[in-house]
Ligand code: DX5
Ligand code: ZN
């Protein structure tokens, strides 16, 4: 089996040494940069916004996988496209007109993603899965890095895999929150295509080695 996509989350990087940490990811075997945008309303935390994304985009040499944990994300679709973001993922719970939002993201030339909170059922994607490029299955409640993995995620990954196959969708399955060497294999076995890892990578002694380690996990 081929290797899976590894997306280090810069939320766990050292913001005083951001360029150094971006270079580490550039040089590593990682595939994407995962950017967590939090507004303090949809989630109980504020992360970083446009000026930081712009600075990251200047140095990053891999696709920017951007995860919006914000209310009313439609307001910022064009802004993120202009900043050079490649994937834009909105939360299912934050969109009243998800289908329209997905079309708007694609019209700006980005891949369109939908993230599901731990309490949100996979079944709710039944009518949109064919329009989605990436589904982020949240394996923690969004808002903070460093939380522990919620075990029910395994069931959701296999339900999502079934839905994607049944509907002939090309959506990628991305897992976000508490991912580490202990759960990566099972997630991949169940059908995960992409793994986000924040603390596990950046709080390790040799982040590039840790990325390499995750990259070596196969089904
Ligand atoms: C949580 C964010 C995650 C977070 C992952 O709200 O969406 O992307 O950065 O961090 P870890 O890997 O530390 O759980
Ligand atoms: Zn995220």
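Numbering (full-length UniProt numbering), first residue to last: 1 to 219.
Just so it is clear, CB atoms sit at the ideal spot from N, CA and C, and this is done for glycine as well.
Keep in mind that this is a model prediction, so the values were computed, not measured.
- With respect to the 8 Å criterion, residue 6 and residue 175 are not classified as neighbours on the basis of their beta carbons.
- A buried status is given to residue 128, since no fewer than 16 other beta-carbon atoms sit within 10 Å of its beta-carbon.
- Counting every other CB atom within 10 Å of its CB across the protein chains shown gives residue 142 a total of 16 or more, marking it as buried.
- The three-state secondary structure of residue 207, taken from DSSP, is helix.
- DSSP, reduced to helix, strand and coil, places residue 140 outside both helices and strands of the structure shown, so it counts as coil.
- Between the beta-carbon of residue 171 and that of residue 135 there is about 5 Å, and that keeps the pair under the 8 Å contact cut.
- With contact defined as three or more Cβ pairs closer than 8 Å, the segment 197-217 and the segment 153-169 are not in contact.
- If you measure from each CB to the nearest heavy atom of the ligand ZN, the residues under 6 Å come out as 9, 34, 36, 67, 176, 196.
- Setting aside the 5 residues that flank it on each side, residue 28 is surrounded in the same chain by 208, 211, each with a C-beta closer than 6 Å to its C-beta; the list follows chain order.
- Pairwise C-beta distances place the segment 159-166 out of contact with the segment 28-40, as fewer than three of them are shorter than 8 Å.
- Put simply, of 144, 178, 19 the residue whose alpha carbon is nearest the alpha carbon of residue 43 is 144.
- Distance from the CA atom of residue 158 to the CA atom of residue 114, rounded to whole angstroms, is 17 Å.
- Taking C-beta separations shorter than 6 Å and ignoring five residues to either side along the sequence, the partners of residue 131 in its chain run 102, following chain order.
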